[in-house]
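Asks: This is the structure I have questions about; it appears just below.
Number of protein chains: 2
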Amino acid sequence: MPDAVPAAPRWRRRKTARPAEIAAAALEVFAERGFAAARLEDVAARAGVSKAALYLYFATKTDLFRAVVAQAVSPRLDQARLLAAVEDQPLDRIVPTLLSLIAAVAQGSHIGGVAKMVIGESRNFPDLAQIWHDQVVSQALGVLTAVVERAQARGEARSGDARLYAFSLVGPMVTGILWREVFVPVGGAPLDLADLAQQHARAVLHGLVTPSRAAA
Amino acid sequence: MPDAVPAAPRWRRRKTARPAEIAAAALEVFAERGFAAARLEDVAARAGVSKAALYLYFATKTDLFRAVVAQAVSPRLDQARLLAAVEDQPLDRIVPTLLSLIAAVAQGSHIGGVAKMVIGESRNFPDLAQIWHDQVVSQALGVLTAVVERAQARGEARSGDARLYAFSLVGPMVTGILWREVFVPVGGAPLDLADLAQQHARAVLHGLVTPSRAAA
DNA sequence: GCTATTACTGACCCATCGGTCATCAAGGTC
DNA sequence: GACCTTGATGACCGATGGGTCAGTAATAGC
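Protein chains in written order, with numbering that gives the first Met the number 0: chain H, 0 to 215; chain P, 0 to 215.
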């Protein structure tokens with residue numbers, strides 16, 4: 000035999016890369032199984048690392064969970080602020096834009112999975128539900144409420160509770176996102192969020208009832 | 000001392016009453032903690048029975064879970080059929096009725112909790128998500144889709160994908176129910192489902208944009 | 001009352017999984 | 001190339017909680 004082949008080392012030291020990799024793996028596992036049912040062994044395996052290595056970067060399973068949610072939240076925050084910036088356009092121009100953006104964000108991220116997980120574990124981790132509420136849901140709802148109020152002030156939108164109207168606007172998107180997350184994997188009919196955004200925007204803005212018959 | 004007081008027996012034999020009581024207790028615990036984090040000991044305690052007694056009526060924790068969901072589902076099924084019966088009224092009469100009914104049902108039952116639990120455990124118990132889909136969500140969505148299609152056939156509703164319109168109709172209610180379940184306990188602003196039903200009905204039917212400006 | 005039946009319990013077993021630790025080896029430094 | 005720091009590991013511990021079972025006491029039948 001020739002000189003021993005310099006076999007690939009059994010592992011490498013990658014202090015900076017690890018945390019993000021672990022958090023990403025954890026996101027997947029938590030989103031699939033929920034917090035309680037997720038096994039750290041699985042997270043470790045998916046991150047290509049031993050279970051003990053997790054504890055070099057995260058003190059407890061709960062801390063890891065928090066980190067994962069926080070990581071999933073912060074990029075969305077920026078997006079929410081971006082939304083807020085667009086505000087001063089007529090209602091029937093801004094609403095389709097906002098809803099389409101929600102659709103796009105939902106498709107290009109793991110928000111659905113995180114939402115599912117936060118919903119499922121909300122009683123066990125109230126502080127997490129709170130973070131999610133304060134930093135994501137409440138923000139988004141606030142932006143929409145403000146948009147509606149502004150439109151009302153301009154006499155452009157029907158009077159009524161602006162916050163409830165915000166529910167009218169996002170509700171179908173939220174439901175659609177959860178639908179895809181929960182029911183499509185078990186045989187539910189697929190759902191195109193972009194189509195939903197488009198059509199729902201038209202519906203809430205101008206009404207489902209055909210104009211000829213409308214009589215508020 | 001006089002004759003021994005005939006102390007209340009330490010427990011009673013109540014073969015027929017137990018299963019329902021256990022299922023009710025389990026509903027509460029599962030809805031609070033989710034499946035994995037729920038302890039059978041807690042279920043037993045809340046049912047006023049020992050843990051071992053659970054196994055006289057349910058073979059495994061999973062079976063108990065199934066029973067709970069099934070029990071929560073079947074009454075709703077009837078309600079769904081009832082909905083379907085009302086169908087042939089003008090859209091702007093039937094929609095407020097349906098949405099208000101959803102609000103009432105949500106307030107008078109544990110549907111919210113069950114939904115939360117099914118969402119959270121959907122990957123761990125796909126068959127449960129399926130049951131819930133087939134027997135509740137899909138039914139309800141079907142009723143709404145049919146209502147919309149009928150209205151479209153009468154030229155009463157705007158054209159478009161009837162199923163997506165069904166999302167436009169229920170989405171805000173679903174979101175509201177989850178809001179109450181998840182965020183209100185951690186400081187989210189309270190939400191009146193009846194108000195939401197009322198106002199949302201007006202919004203989707205006749206449009207958020209003030210009639211004078213409307214121009215589909 | 002006496003007995004047979006069985007609903008119910010308390011104490012136990014043991015698999016799973018979060019968390020720890022002694023040890024190893026990658027790789028920077030001189 | 002020798003040494004040291006430290007990222008990483010595998011084998012382990014202990015608690016938790018699902019599930020079991022021999023025994024106990026409520027009650028139906030006579």
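C-beta: ideal position from N, C-alpha, C; glycine also.
Measuring only between beta-carbons, confirm whether residue 17(P) sits less than 9 Å from chain H.
Replies: The count along the second sequence starts at 1 and reaches residue 17(P) at position 18. So no, residue 17(P) is outside the interface.
Asks: Tell me whether residue 157(H) is buried or exposed, calling it buried when 16 or more other Cβ atoms sit within 10 Å of its Cβ.
Replies: Looking up residue 157(H) in the first sequence gives position 158. Buried, by the Cβ-count rule.
Asks: Could you tell me the boundaries of the alpha helix (DSSP H) in which residue 73(H) lies?
Replies: Position 74 of the first sequence holds residue 73(H). Here the alpha helix (DSSP H) through residue 73(H) covers 60-84.
Asks: My assumption, with CB atoms under 8 Å, is that residue 177(P) sits in contact with residue 143(P). Please give the rounded CB distance.
Replies: In the second sequence, counting from the first residue as 1, residue 177(P) sits at position 178. In the second sequence, counting from the first residue as 1, residue 143(P) sits at position 144. So it is not a contact: roughly 18 Å between Cβ atoms.
Asks: Pull up the distance between the alpha-carbon of residue 162(H) and that of residue 111(H), whole angstroms please.
Replies: By one-based count along the first sequence, residue 162(H) stands at place 163. By one-based count along the first sequence, residue 111(H) stands at place 112. Cα to Cα, residue 162(H) sits roughly 23 Å from residue 111(H).
Asks: Starting from the beta carbon of residue 181(P), find every residue of chain H whose beta carbon is closer than 7 Å, and list them in chain order.
Replies: Mapped onto the second sequence, residue 181(P) falls at position 182. Chain H residues near residue 181(P): 118, 121 and 128.
Asks: Any contact of the region 29-38 of chain P with the region 96-105 of chain P, i.e. 3+ C-beta pairs under 8 Å?
Replies: No: fewer than three Cβ pairs fall under 8 Å.
Asks: Measuring straight from C-alpha to C-alpha, what distance separates residue 171(H) and residue 131(H)?
Replies: One-based indexing of the first sequence puts residue 171(H) at position 172. One-based indexing of the first sequence puts residue 131(H) at position 132. If you take the alpha carbons of residue 171(H) and residue 131(H), they lie about 19 Å apart.
Asks: Assuming residue 203(P) contacts residue 90(H) under a Cβ cut-off of 8 Å, what Cβ separation, rounded to an integer in Å, is found between them?
Replies: Looking up residue 203(P) in the second sequence gives position 204. Looking up residue 90(H) in the first sequence gives position 91. Going by Cβ atoms, the distance from residue 203(P) to residue 90(H) rounds to 15 Å, so no, they are not a contact pair.
Asks: Short of 7 Å Cβ to Cβ, which residues in the region 32-51 of chain P face chain H?
Replies: Here the close residues are 32, 33, 35 and 36.
Asks: Does the distance from the C-beta atom of residue 138(H) to that of residue 104(H) stay below 9 Å?
Replies: Residue mapping note: residue 138(H) aligns to position 139 of the first sequence, counting from 1. Residue mapping note: residue 104(H) aligns to position 105 of the first sequence, counting from 1. No, these two residues do not count as a Cβ contact at 9 Å.
Asks: Residues of the region 142-166 of chain H with a CB closer than 7 Å to any CB of chain P: list them in chain order, please.
Replies: Residues passing the 7 Å Cβ filter: 154, 155, 156, 157, 159, 160, 163, 164 and 166.
Asks: Whether or not the region 144-151 of chain H and the region 51-69 of chain H are in contact is what I'm after, with contact meaning three or more pairs of Cβ atoms, one per stretch, closer than 8 Å; do they touch?
Replies: The region 51-69 of chain H vs the region 144-151 of chain H: no contact.
Asks: Please state if the CB of residue 174(H) and the CB of residue 166(P) are separated by a distance shorter than 9 Å.
Replies: Against the second sequence, residue 166(P) aligns to sequence position 167. Against the first sequence, residue 174(H) aligns to sequence position 175. Yes; because the gap between Cβ atoms is below 9 Å, this pair is in contact.
Asks: For residue 35(H), name the three-state secondary structure that DSSP assigns.
Replies: As a first step, residue 35(H) is located in the first sequence; it is residue number 36 there, counting from the start. Residue state, collapsed to three classes: coil.
Asks: Excluding the five sequence neighbours on either side, which residues of its own chain have a C-beta within less than 8 Å of the C-beta of residue 45(P), listed in chain order?
Replies: Position 46 of the second sequence holds residue 45(P). Correct list, in chain order: 24, 27 and 28.
Asks: Can you find a C-beta in chain H that's less than 9 Å from the C-beta of residue 198(P)?
Replies: Here the question's residue 198(P) lines up with position 199 in the second sequence. It does; some Cβ of chain H falls within 9 Å.
Asks: For residue 140(P), which of 188(H), 124(H), 180(H) and 125(H) has the nearest alpha-carbon?
Replies: For this step, residue 140(P) is matched to residue 141 along the second sequence. Closest option to residue 140(P), Cα to Cα, is 188(H).
Asks: Less than 9 Å between the C-beta atoms of residue 119(P) and residue 116(H), yes or no?
Replies: To locate residue 119(P), count along the second sequence from 1; it is residue 120. To locate residue 116(H), count along the first sequence from 1; it is residue 117. Cβ atoms of residue 119(P) and residue 116(H): closer than 9 Å.
Asks: For residue 194(P), tell me which candidate among 184(P), 53(P), 106(P) and 210(P) has the shortest Cα-Cα distance.
Replies: One-based indexing of the second sequence puts residue 194(P) at position 195. It is 106(P) whose Cα lies nearest to the Cα of residue 194(P).
Asks: Under 8 Å between beta-carbons, which chain P residues line up against residue 115(H)? List them in chain order, please.
Replies: Indexing the first sequence from 1 puts residue 115(H) at position 116. Simply 118, 119 and 121.
Asks: Please report the straight-line C-alpha distance between residue 114(H) and residue 121(H), rounded to a whole angstrom.
Replies: By one-based count along the first sequence, residue 114(H) stands at place 115. By one-based count along the first sequence, residue 121(H) stands at place 122. When rounded, the distance between both Cα atoms is 10 Å.
Asks: Residue 68(H): which of 148(H), 198(H) and 125(H) sits nearest, CA to CA?
Replies: To locate residue 68(H), count along the first sequence from 1; it is residue 69. Per the Cα distances, 125(H).
Asks: With 9 Å set as the bound, which would you pick, yes or no: does the beta-carbon of residue 201(P) sit closer than that to a beta-carbon of chain H?
Replies: Sequence index remark: in the second sequence, residue 201(P) carries index 202 (1-based). Yes, residue 201(P) lies at the interface with chain H (some Cβ there is under 9 Å from its Cβ).
Asks: Could you tell me whether the Cβ of residue 137(H) comes closer than 9 Å to any Cβ of chain P?
Replies: Position 138 of the first sequence, counted from the first residue, corresponds to residue 137(H). Yes, contact with chain P.
Asks: Locate the alpha helix (DSSP H) running through residue 166(P), then write down its first and last residues.
Replies: In the second sequence, the residue the question calls residue 166(P) occupies position 167. Element bounds for residue 166(P): 161-181.
Asks: Enumerated in chain order, which unbroken segments of the alpha helix (DSSP H) with a length of 4 residues or greater are wholly contained in the region 6-32 of chain H?
Replies: Fully enclosed alpha helix (DSSP H) runs of 4 or longer: 16-32.
Asks: Should residue 222(P) go down as buried or exposed, given a rule of 16 or more other Cβ atoms within 10 Å for buried?
Replies: Because chain P in this structure spans residues 0 to 215, residue 222(P) falls outside the shown range and cannot be described.
Asks: Using CA atoms only, rank isn't needed, just tell me which of 41(H), 88(H) and 83(H) is closest to residue 153(H).
Replies: Position 154 of the first sequence, counting from 1, holds the residue named residue 153(H). It is 88(H) whose Cα lies nearest to the Cα of residue 153(H).
Asks: Which residues in the same chain as residue 71(H) place their Cβ atom closer than 8 Å to its Cβ, once the five residues preceding and following it in sequence are excluded?
Replies: Working through the first sequence from its first residue, we reach residue 71(H) at position 72. The answer, listed in chain order, is 26, 108, 109, 110 and 113.
Asks: At the 9 Å Cβ level, is residue 76(P) part of the contact set with chain H, yes or no?
Replies: Counted from its first residue, the second sequence places residue 76(P) at position 77. Not an interface residue.
Asks: For a cutoff of 9 Å on Cβ pairs, would you count residue 132(H) as touching chain P?
Replies: Along the first sequence, one-based indexing puts residue 132(H) at 133. Answer yes: the Cβ-Cβ gap between residue 132(H) and chain P drops below 9 Å somewhere.
Asks: Please check if any C-beta of chain P sits within less than 9 Å of the C-beta of residue 5(H).
Replies: To locate residue 5(H), count along the first sequence from 1; it is residue 6. Low confidence applies here, because residue 5(H) scores a pLDDT of 47, under 50, leaving its location unreliable; read the following figure in that light. Chain P, which has no Cβ nearer than 9 Å to the Cβ of residue 5(H), makes this no.
Asks: Please name the residue in 19(P), 82(P), 206(P) and 30(P) whose C-alpha comes closest to that of residue 53(P).
Replies: Here residue 53(P) corresponds to residue number 54 of the second sequence, with the count starting at 1. Out of 19(P), 82(P), 206(P) and 30(P), 19(P) has the C-alpha closest to the C-alpha of residue 53(P).
Asks: Measure the C-alpha to C-alpha separation of residue 196(P) and residue 56(H) and round it to an integer number of angstroms.
Replies: Residue mapping note: residue 196(P) aligns to position 197 of the second sequence, counting from 1. Residue mapping note: residue 56(H) aligns to position 57 of the first sequence, counting from 1. In a straight line, the C-alpha of residue 196(P) is about 47 Å away from that of residue 56(H).
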